[in-house]
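Residue numbers (the numbering used here): 25 to 332.
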């Protein structure tokens, strides 16, 4: 116990690895990178962001679950942490018991987008009308099975009873590339990833997944406003360490994250990428994850969303 306390008092003594279980280019990666810079200044040690993509975030999560619980490996997660237990029959980790929560970080809306050059689609109802007229013809991309982007599309097709093909990618970046090139028809991308392409005239925004509009795109209606009754999905991001990480180290990391989210630099960048800072205690994140896990188990059972 004395050695553990001494270790926590001197922590960190070397660089920290921050695992992002998806490729560069999406909201998760952007949030980890901006926070890591601010936290490194506060903690006096570098924080190295490492991308370990694959299997809807499961590869990165499995890596962190097996890491030494010494505070030198942490992970950013999203909705998939709560969803994957219901999607995958076998996981190499337990989302509740193999990790120690640190803090909720942010909420970032997803938006329904298509190619800007498409003159035939200008609203959510246009998407619905075309998909109903030609079942099975249209596709929607995602950043991987179980991601909030996948869930957004699956919930949309379920509520509107549409037959559309889900095309999962290893991250938002490659999915957006294929969307712009026309290899897929639609995508519920994060506002972080999609907005630069919207501003550049390469993508067209049709609707937003959250219950209210975003200050980043105030003229963009919600899907519920657009006639998709009962639609609401708010993507969230949080951080975890391996189970067994000492409370003293978790407290240091939590305090540093909350401090970082109060900095003007982080607030400015969060605003630029459409992220709303949340920040929480470890206990609040644990309760939130448990509630989200229960919620999505019920939704997945009702909707038939699968990892296929």
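Positions of the beta carbon are idealized from the N, C-alpha and C atoms, including for glycine. What you are looking at is a predicted structure, and each value in this text was computed from that prediction instead of being measured.
| field | Closest by C-alpha distance to residue 105, when choosing among 97, 118, 96, 114 | value | For the purposes of this step, residue 105 is taken as the residue at position 81 of the chain shown. Residue 105 has its Cα closest to that of 118, out of 97, 118, 96, 114.
| request: Pick out the complete beta strand (DSSP E) segments inside the segment 35-114, 3 residues or longer, and give them in chain order. | output: Under the rule that a run must span 3 or more residues, the beta strand (DSSP E) segments found entirely inside the segment 35-114 read 40-44, 71-75, 97-101.
| Exposure label - residue 138; buried when at least 16 CB within 10 Å | Residue 138 sits at position 114 when you count from the first residue of the chain shown. With a 10 Å radius around the Cβ and a threshold of 16 neighbouring Cβ atoms, residue 138 comes out buried.
| Since residue 41 contacts residue 124 with CB under 8 Å, what's their CB separation in whole angstroms? | Looking up residue 41 in the chain shown gives position 17. Looking up residue 124 in the chain shown gives position 100. 16 Å between Cβ atoms; not a contact.
| Closest by CA to residue 113, which one among 88, 140, 79? | Taking the first residue of the chain shown as position 1, residue 113 is located at position 89. For residue 113, the nearest C-alpha among the options comes from 79.
| query | What's the call for residue 326, buried or exposed, on a 16-neighbour Cβ count within 10 Å? | reply | In the chain shown, counting from the first residue as 1, residue 326 sits at position 302. It is exposed - the Cβ of residue 326 has fewer than 16 other Cβ atoms within 10 Å.
| request: Assign residue 278 to one of two classes, buried (16 or more other C-beta atoms within 10 Å of its C-beta) or exposed (fewer than that). | output: On the chain shown, position 254 is the one that residue 278 refers to. A residue is called buried once 16 or more other Cβ atoms fall within 10 Å of its Cβ, and residue 278 is buried on that count.
| Which residues bound the beta strand (DSSP E) around residue 211? | Stepping through the chain shown from its first residue, residue 211 is reached at position 187. Looking at the DSSP string, the run of the beta strand (DSSP E) that includes residue 211 is 210-214.
| said: Distance check for residue 319 and residue 242, CA to CA, integer angstroms please. | reply: In the chain shown, counting from the first residue as 1, residue 242 sits at position 218. In the chain shown, counting from the first residue as 1, residue 319 sits at position 295. If I take the Cα positions, the gap works out to 29 Å.
| Per the contact definition of three or more C-beta pairs closer than 8 Å, is the segment 279-287 in contact with the segment 59-76? | These segments touch.
| query | For residue 230, which residues does DSSP report across the bridge? | reply | Residue 230 sits at position 206 when you count from the first residue of the chain shown. Beta-bridge partners of residue 230 (DSSP): none assigned.
| field | Helix, strand or coil at residue 249 according to DSSP, with G and I counted as helix | value | On the chain shown, residue 249 is found 225 positions in, with the first residue counted as 1. Coil, per DSSP.
| said: Check this for me: beta carbons of residue 331 and residue 111, under 7 Å apart or not? | reply: Start at 1 with the first residue of the chain shown, and residue 331 comes out as number 307. Start at 1 with the first residue of the chain shown, and residue 111 comes out as number 87. Yes, Cβ-Cβ distance for residue 331 and residue 111 is below 7 Å.
| task | Determine the burial state of residue 12: buried for a count of at least 16 other Cβ atoms within 10 Å of its Cβ, exposed for fewer. | result | The displayed coordinates of the chain run from 25 to 332. Any statement about residue 12 would go beyond what the structure contains.
| task | Ignore the nearest five residues each way along the sequence and tell me which others in residue 93's own chain have a CB closer than 6 Å to its CB. | result | Locating residue 93 in the chain shown gives position 69, where the first residue counts as 1. Take residue 93, set aside five residues on each side of it, and the residues of its chain with a beta-carbon closer than 6 Å to its own are 266, 268, 269, in chain order.
| query | What are the start and end residues of the alpha helix (DSSP H) that includes residue 176? | reply | Here residue 176 is taken as the residue at index 152 of the chain shown, counted from 1. It spans 172-184 - the alpha helix (DSSP H) in which residue 176 sits, taken as one unbroken run.
| said: For the pair the segment 229-238 and the segment 44-59, tell me if three or more CB-CB distances fall below 8 Å. | reply: Taking a cut-off of 8 Å for Cβ pairs, the segment 229-238 and the segment 44-59 do not touch, as fewer than three such pairs fall below it.
| CA-CA distance, residue 39 and residue 107? | Looking up residue 39 in the chain shown gives position 15. Looking up residue 107 in the chain shown gives position 83. Straight-line Cα distance between these residues: approximately 31 Å.
| request: Go ahead and pull the three-state DSSP assignment for residue 191. | output: Counted from its first residue, the chain shown places residue 191 at position 167. Looking at residue 191 - three-state DSSP - the assignment turns out to be strand.
| Taking three-plus beta-carbon pairs below 8 Å as touching, is the segment 304-316 in contact with the segment 68-82? | Under the three-pair Cβ rule at 8 Å, the segment 304-316 does not count as touching the segment 68-82.
| request: Along the beta strand (DSSP E) that carries residue 296, what are the first and last residues, could you check? | output: Within the chain shown, the letter at position 272 stands for residue 296. Secondary structure note for residue 296: it is in no beta strand (DSSP E), and the uninterrupted alpha helix (DSSP H) holding it is 288-296.
| request: Express the C-alpha separation of residue 33 and residue 50 in angstroms, rounding to a whole number. | output: Along the chain shown, one-based indexing puts residue 50 at 26. Along the chain shown, one-based indexing puts residue 33 at 9. Between residue 50 and residue 33, the C-alpha separation is close to 35 Å.
| the segment 189-200 / the segment 161-174 touching (three or more Cβ pairs under 8 Å) | Yes, since at least three Cβ pairs between the segment 189-200 and the segment 161-174 fall closer than 8 Å, the two stretches touch.
| query | Between which two residues does the beta strand (DSSP E) harbouring residue 153 extend? | reply | Taking the first residue of the chain shown as 1, we reach residue 153 at position 129. Residue range 148-157 is occupied by the alpha helix (DSSP H) that includes residue 153, with no beta strand (DSSP E) assigned at that position.
| residue 316 - partner residues in DSSP beta bridges | On the chain shown, position 292 is the one that residue 316 refers to. According to the DSSP secondary-structure assignment, residue 316 is paired through a beta bridge with no residue.
| From the beta carbon of residue 289, is the nearest beta carbon of chain D less than 7 Å away? | Absent from the structure is chain D; it holds one protein chain and no more.
| Short check: CB of residue 212 to CB of residue 116, under 7 Å? | Locating residue 212 in the chain shown gives position 188, counting from the first residue. Locating residue 116 in the chain shown gives position 92, counting from the first residue. Inclusion of residue 212 and residue 116 in the CB contact set at 7 Å is not warranted, their separation being larger than that value.
| said: Considering only DSSP beta bridges, list what residue 333 is partnered with. | reply: Limits of the chain in this structure are 25 at one end and 332 at the other, which puts residue 333 out of reach.
| message | Checking the sheet assignment: what are the DSSP bridge partners for residue 273? | response | Stepping through the chain shown from its first residue, residue 273 is reached at position 249. Looking at the DSSP assignment, residue 273 forms no beta bridge with any residue, so it has no partner.
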